[in-house]
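Below is one structure, written out as structure tokens; the observations come after it.
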Amino acid sequence: MQPQLRTTPTDPGPSAAPVPTDLLTDAVRRLRTACVVWIVLLTTALAVNHFILPHLHLAIGQAISWPRVADVLAVVCIAVSALVYRYAPFASRRAETLVDLGIGYEVVLAFAIGVINQWEPQQILAGRLSWICVLVLLHPMIVPGPPRKILIGSLLAASMDPVG
């Protein structure tokens, strides 16, 4: 038995192995499910803030109402979610496009959450974690991608609370 020397190939070969179709299909399904969840969450938040909260007659400080800008951002995020839902299957033709779409969607949602959280800062919320933390932790599991892109997208999303 003689050890075989490993040689480097002279052919550069493909720079990256293509992403399997079933993995892309699964990522599209998860991204579309996330869009539906966000649409339901934001629609519920709008309904509760406008139709239920005013009729509860709660004392000041018992409920934190959204500022008017939050309504606009919620409607914009619902529209963006619907667009991402519609565009995700077309974006899956190239894995990079799907990852970029997922990261862009994450940053848009984080921006909306950051503005809603910081438009009228509340003392009651001081010291609590932002919902952006949940978004940053969960979103890479929805649409996985290259570590560098995921890190950049996560850092951008995490910076949206101070930006807001």
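Residue numbers (my numbering): 26 to 189. Each residue gets a CB set at the ideal place from its N, CA and C atoms; glycine is no exception.
About 5 Å separates the CB atoms of A59 and I167; that is less than 8 Å, so the two are in contact. When the beta-carbon positions are compared, V109 and Y130 come within less than 8 Å of each other.
One thing to note: C102 has its Cβ within 8 Å of the Cβ of L134. Taking the C-beta atoms as reference points, L98 is found no nearer than 8 Å to I64. Annotated three-state conformation of W63 is helix, per DSSP.
Contact between V61 and S117 does not hold, since the beta-carbon distance rounds to 17 Å and is not under 8 Å. In the three-state scheme derived from DSSP, where H, G and I count as helix and E and B as strand, W156 is classed as helix. Apart from sequence neighbours up to five positions away, the residues of its chain that approach A182 with a beta-carbon distance below 7 Å are E131, V132, A135, I157, L160, V161, ordered along the chain. In chain order, I141 place their CB closer than 6 Å to the CB of A95, counting only its own chain and leaving out the 5 sequence neighbours on each side. Ranking T46, P79, W144, S184 by CA distance to the CA of P114 puts T46 first. Taken atom to atom, the span from the alpha-carbon of L154 to that of I77 is near 26 Å. The residue among R93, L71, Q143 with its C-alpha nearest the C-alpha of V188 is Q143. H80 is classed as exposed because its beta carbon has fewer than 16 other beta carbons within 10 Å across all chains shown. In this structure S184 does not touch P165 by the C-beta definition: roughly 16 Å separates them, more than the 8 Å allowed.
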